[in-house]
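Engineer: For the sequence shown, position 123 (counting from the first letter as 1) is numbered 123 according to full-length UniProt numbering, and the numbering increases by one without interruption. Don't be surprised by glycine CBs; every beta carbon is placed ideally from N, CA and C. I am attaching a structure below and will ask some questions about it afterwards.
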Amino acid sequence: MAKPAETRTAGRKPAAKATRSTAETDKIRAALAARRDELRAEYDQTLSEITELQRDRLTDSAGDDPADTGSRTFEREQEISLANSILERITQVERALERLDEGGYGWCERCGNPIPVERLAAFPSATLCVTCKQLEERR
């Protein structure tokens with residue numbers, strides 16, 4: 001039996017890709033580049049804070065009990081997780097810029113249908129249309 005995703009897209013050709021005007025492409029590129037730069041600044045700030053906190057922890061850890069050490073370790077892991085999350089978002093935006101250059105931006109990577117403008121406005125680095133994203137999240 002075919003999977004639901006295969007059934008929906010089987011026999012259906014993706015919509016023909018419309019070309020964007022240079023002005024539209026430049027506007028999208030500028031917005032994505034600005035977002036990437038914001039995220040990089042946030043990432044650099046987060047790394048700076050992690051480094052500063054690590055320095056403070058090293059100088060102020062004499063006489064700590066195991067609970068304090070555990071709390072510090074937990075906090076450090078949360079900070080590193082936050083930094084990794086920001087780095088992942090940077091990667092997503094950079095991938096969106098690549099797709100824009102390649103002509104695939106705004107088109108679902110799975111089914112080839114256009115991604116609604118509203119979705120791209122809310123999540124500019126989206127690579128899947130709403131239907132395909134919902135199917136992915138159900139798995």
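Closer than 8 Å by C-beta to L87: which residues in its own chain qualify, once you throw out the five before and the five after it? Chain order, please.
Structural biologist: Closer than 8 Å at the Cβ level, and outside the excluded window around L87, lie Y43.
Engineer: Any chance the segment 112–127 sits against the segment 70–86, with 3 or more Cβ pairs inside 8 Å?
Structural biologist: No, they do not touch.
Engineer: P114 by DSSP, collapsed to three states: which one?
Structural biologist: Reduced to three states, the DSSP call for P114 is strand.
Engineer: Do you know how far the Cα of I90 is from the Cα of S125?
Structural biologist: Between S125 and I90, the C-alpha separation is close to 10 Å.
Engineer: Between the Cα of R95 and those of A67, Q45, L128 and T51, spot the shortest distance and give me the residue it belongs to.
Structural biologist: Looking at the Cα atoms, L128 is the closest of the given residues.
Engineer: Does G106 pass the burial test, meaning 16 or more other C-beta atoms within 10 Å, or should it be called exposed?
Structural biologist: Answer is buried; the Cβ neighbour count reaches 16.
Engineer: Taking the C-alpha atoms as reference points, what is the distance between T69 and Q45?
Structural biologist: The alpha-carbon atoms of T69 and Q45 are separated by roughly 24 Å.
Engineer: Got a sec, what are the start and stop residues for the alpha helix (DSSP H) R128 sits in?
Structural biologist: Correcting the residue type first, residue 128 is Leu in the shown sequence and not Arg. Counting along the chain, L128 falls outside any alpha helix (DSSP H), and DSSP gives it neither H nor E.
Engineer: Please work out which residues of its chain come closer than 8 Å, Cβ to Cβ, to A33, disregarding the five sequence neighbours upstream and downstream, and give them in chain order.
Structural biologist: Once the five neighbours on either side are set aside, the close Cβ partners of A33 are L97.
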